[in-house]
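Protein chains in written order, with the numbering used here: chain A, 6 to 324; chain B, 6 to 324; chain C, 6 to 324; chain D, 6 to 324. For glycine and all other residues, C-beta sits at the position ideal for the given N, C-alpha and C. Contents: one structure, followed by commentary.
In structure tokens:
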């Protein structure tokens, strides 16, 4: 093989015991399979965060209970997220974490016994009935009332304004004026609490109002990138919103455990999204297959390190 | 091993070339792994359909484009579904199938070329831009207007009344007075069309109104069973609705490709749902892992055969 | 869409309660995702079994304990398998099933308690220590001795001659003179028993002798087809044997739960095998994703029905 | 919740841009799902490497082509592996990497075109026909001849002695006197080359001889731990070898993409291995689900950092 070709060859990873996450990811660049995909995700995410992109971030799966909340709210506070689209469950758990913590449990628990003890299980984590009771109190106090229809986004903004924990995703969104969309809001304990509170007062959220708001953001974006965790409604809602504009996402990263074979949207490739016009044919995109509680910290930490390195380089001025 | 134990042993399957689906499933009863799970699903579903259960059915994944539409609308027409909870996408494709058919394609397509040809891909199926244009026309004509807030369920009932295709899920629901819930309705092309039409007229759907309606059904159910295809919002919305009542699902079947390890709700075991009080500790439940385009036809066909056999037996009277 | 195109569209499946497996599979032909793949597997397998192909069959995963043994030995007896390549475990369980049955258990067992009870678990099946003791007796009696090196295939032929159960895979292979290859024979309880017996007598199997035998079969094959269950060593050994000849497999079906993303051979696509020259560029091939305890009975039963239909058609003579 | 309980709660991860891999893993200890499993793997592996354990390491999947070779040979050289059990493919690629490098490709390649160009694909990596030709030359020169039967382990030791690349797994094994077992040696290009060379000379490997050698190691081990990458024959062979002794593995880590549902050994839980007596009921064990090209570097790097920290702490002496 000639020299040109050799740049295109596998370079076996070397480890050292003091290596940073960024060094680890750099070592993955000339590996195969998931390692290479992960290093490409960092490259694309670095480009997204350092360029002139409107940055969408979609969050599915039980990421907040699993310990990923500060990563998300940190990215928001650092201006790395312009639009957040998420599930109701993650917002419920965000509220719960603002006054308590999830419990470390085991995935091999006796579930009937847990119920008797007043514990609800999320794989290897538990929530106690006391936490749900407190959650109910908080919700009944803070859920925003409205007699005229408001959007889900406005509803969540008002809710966020009532949370005092600065690490909260909803509070951070309020502080930083970042829109949060939750297209399946009724499908959560926030929805159930809204129904409960709605029996004595009026809470009127217009189911379709969010669409106008997110589509407007898509229209106004000069260029757009999306970071997708776990598929689901947040992924689809974000991609379909871009679909109605003449634009497409030019950068996209997807962290998922789903594979394409069964035809569901969560596992659909980003290439498939090209056929819809959701993602640009020449976009930079990659899917990293695996548990996002492992891949998100890796990708985010390495990307932040690169951004800082770049900034430090610039501050030193031209050589 | 003694006799008692021998009843509890594997019996190797025997095939014959004329066997019915029901015979195949019977042959799986004393096998291991997926085969046994599938045979258990048929037993539980048979019990659900022949007993005094309020029967919930949740539908996720691109089941309608993939050819499962008539199975669902057939189960509805035969009174085997009392409540349907589904995704917006399945309803969009239900409408599309009421005036045209999805195209058989390949999952290895060149997606940029498909876009140039005006085709959008769903794994190995395509939709043409013409179909979307026609869909838009249909939606702009038929989407129900309302100046006072209505529930999503009522919105879908009105929409169903405008579809003439008798095989349509929405039309069948209208004909048979089966409530259809779509908790993430904005996350679909129906949502996008509602936004579009809402620019010149008024379409007001109260995001939380469905909760009251489904919770009421849960309260009124004497006993309840649920058949879950593919997780997602439909699964969670159905299970959380039962959660607020003193009852639990007593029978449950889940067909899914997701496994529990990554902690998401789609892959959560039905045992986990016991810890929440969504499923009863003594419930009969089983998860069948695999592509529902294979497992749904198998389970449904075998269950229908057993029901018919039972009916035929009864008609003959006591021996 | 014009008429030509319409033949290429999805046709929604209709069920009926008396349908045969073959009718079910026919109904899957114009569906999407796994259903379509499964129907294609039947078409390819029918072509393989009715044409002039040397038919390779590879068997991985705990298929024999799970109840698939008679399907395999039945295919052998019906001349639908010319060469069997399998794992040691499946052969061990074939011997066990020749004198006893596996026990139906649960995948949620307390494994320490099982050990105390003398039960070893295979997902939801158990084997008792008594069965292993009997297995040891059988092996110590029947394992073929040899002072000059023999091939693994000859070793298994001699072993098969000592088994009396006519449903046994090894016995059927002996009866029908079908070569059985087990390239990882030491990786099994047969291997352990051979080591044990080898302490007092001589058992000499030449590790590489099988290669010549299977490569010769590949060379002599006019055309070749392969039916792959579950990847692993049997898949690779079979494909690599064809690799050294100028030929390639012209028909291939793969039933597997593994997807390609992690780069392992078990999940590798059959397309990847084309790049190696193992499978012909113009071959008919398909992978069906899912648990083979579900997909194998489906595919085999439907294929046998088609073959019989074809035969019956021929017997009637030309119309 | 009281104080005791609070130690048992989720602690949301915080990232910083300069964090080391070890700090990242420490941050995962009080998270859920894969992150927690991964942090447990590091704890168990640290205990294994710093205690008085005979350390088994099993390697499946295309780990060497994917860039994991130096990690494995590095662990060997640092005395962290006492016994290596692997697939033939990883050894073939180890030899190839000793004189050339794999090529970075794409998983979306046109496989027929690759074949025309003389490239064979392993997911997103390629090997050229030239590399195979060179491999054949090397093998024909170096494959050890023997007229009396030798074990596979001895065969591989002799082969390793002929490789000069110090990063080679086989060479490192030779240098450090680490036994390498490859129970499916015929299932590889080494096997094919042995068959080829055997046509003109004598290469006699006794298929069962390795069993005695590895069982002896198991018997002699004071305590034993195992680090499993990817299941397959290496996992089973290692576990079954311990089975015949009165001992069990007391520490075990498994990195795999396979889940248990389909009943195969690769995806079997380590708990299942407890029912067999392969793993001790009170063992420390964990499975990390995911692509080992991501999880192996993470676990290995963090574990090495902890070992070094411990050593540094000891060198400073008691405070």
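Spatial distance of residue i from residue j (CA atoms)
{"i": "residue 22/C", "j": "residue 309/B", "result": "5 Å"}
{"i": "residue 6/D", "j": "residue 107/A", "result": "Because residue 6/D sits at a pLDDT of 36, beneath the cut-off of 50, its placement in the model cannot be relied upon, and the following sentence gives the value as read from the coordinates. Distance between the alpha carbons of residue 6/D and residue 107/A: 11 Å."}
{"i": "residue 184/C", "j": "residue 122/A", "result": "59 Å"}
{"i": "residue 81/D", "j": "residue 171/D", "result": "12 Å"}
{"i": "residue 324/C", "j": "residue 312/C", "result": "Note that residue 324/C has pLDDT 49, beneath the 50 cutoff, so the model's placement of it is unreliable and no number is given."}
{"i": "residue 298/C", "j": "residue 235/B", "result": "20 Å"}
{"i": "residue 195/D", "j": "residue 292/A", "result": "35 Å"}
{"i": "residue 224/C", "j": "residue 96/D", "result": "27 Å"}
{"i": "residue 277/C", "j": "residue 127/D", "result": "7 Å"}
{"i": "residue 227/A", "j": "residue 316/A", "result": "23 Å"}
{"i": "residue 24/A", "j": "residue 307/D", "result": "9 Å"}
{"i": "residue 69/A", "j": "residue 138/A", "result": "19 Å"}
{"i": "residue 192/A", "j": "residue 290/D", "result": "37 Å"}
{"i": "residue 73/C", "j": "residue 85/C", "result": "15 Å"}
{"i": "residue 63/B", "j": "residue 53/B", "result": "15 Å"}
Where residue i sits in the DSSP three-state scheme
{"i": "residue 150/B", "result": "coil"}
{"i": "residue 294/C", "result": "strand"}
{"i": "residue 169/D", "result": "coil"}
{"i": "residue 25/D", "result": "strand"}
{"i": "residue 189/C", "result": "coil"}
{"i": "residue 306/C", "result": "helix"}
{"i": "residue 155/C", "result": "strand"}
{"i": "residue 221/B", "result": "helix"}
{"i": "residue 31/A", "result": "helix"}
{"i": "residue 211/C", "result": "strand"}
{"i": "residue 1/D", "result": "Nothing about residue 1/D can be reported from this structure: the residues present for chain D run from 6 to 324 only."}
{"i": "residue 177/D", "result": "helix"}
{"i": "residue 20/B", "result": "coil"}
{"i": "residue 183/A", "result": "coil"}
Beta-carbon neighbours of residue i, restricted to chain G and to distances below 7 Å
{"i": "residue 267/B", "result": "No chain G is present in this structure, whose protein chains are A, B, C and D."}
Proximal residues of chain A, C-beta to C-beta of residue i below 7 Å
{"i": "residue 241/B", "result": "192"}
{"i": "residue 149/D", "result": "Neighbours of residue 149/D on chain A: none; closest Cβ ~26 Å, over 7 Å."}
{"i": "residue 130/D", "result": "15 and 37"}
{"i": "residue 157/B", "result": "212"}
Interface residues of chain B facing residue i [CB-CB closer than 8 Å]
{"i": "residue 2/C", "result": "As shown, chain C starts at 6 and ends at 324. That puts residue 2/C outside it, with no answer to give."}
{"i": "residue 74/C", "result": "17"}
{"i": "residue 264/D", "result": "264 and 266"}
Neighbouring residues, chain C, relative to residue i (Cβ below 8 Å)
{"i": "residue 172/B", "result": "17"}
Partners in chain C for residue i, counting only beta-carbon separations shorter than 7 Å
{"i": "residue 184/D", "result": "Per Cβ cutoff of 7 Å: no residues; residue 184/D is ~14 Å from chain C at best."}
{"i": "residue 274/A", "result": "Within 7 Å Cβ-Cβ: nothing; residue 274/A doesn't reach chain C, min ~11 Å."}
{"i": "residue 294/A", "result": "266"}
Neighbour list for residue i in chain D, Cβ cutoff strictly below 7 Å
{"i": "residue 179/B", "result": "Per Cβ cutoff of 7 Å: no residues; residue 179/B is ~39 Å from chain D at best."}
Enumerated in chain order, which unbroken segments of the alpha helix (DSSP H) with a length of 4 residues or greater are wholly contained in the segment 232 to 302 of chain B? 237 to 248 and 275 to 281
Entirely within the segment 39 to 125 of chain D and at least 3 residues each: give me those beta strand (DSSP E) ranges in chain order. 59 to 64 and 88 to 91
Three Cβ pairs or more, each shorter than 8 Å: is that satisfied between the segment 207 to 218 of chain D and the segment 102 to 116 of chain D? no
Counting Cβ pairs, one atom from each stretch, are 3 or more of them under 8 Å apart for the segment 86 to 93 of chain A and the segment 25 to 38 of chain B? no
How about the segment 160 to 179 of chain D and the segment 71 to 80 of chain D: do they share at least three Cβ pairs that are nearer than 8 Å? yes
Are at least three pairs of beta-carbons, each pair with one atom in the segment 277 to 287 of chain A and one in the segment 247 to 260 of chain A, less than 8 Å apart? yes
Touching or not, the segment 133 to 151 of chain C and the segment 41 to 49 of chain C, by the rule of three or more beta carbon pairs under 8 Å? no
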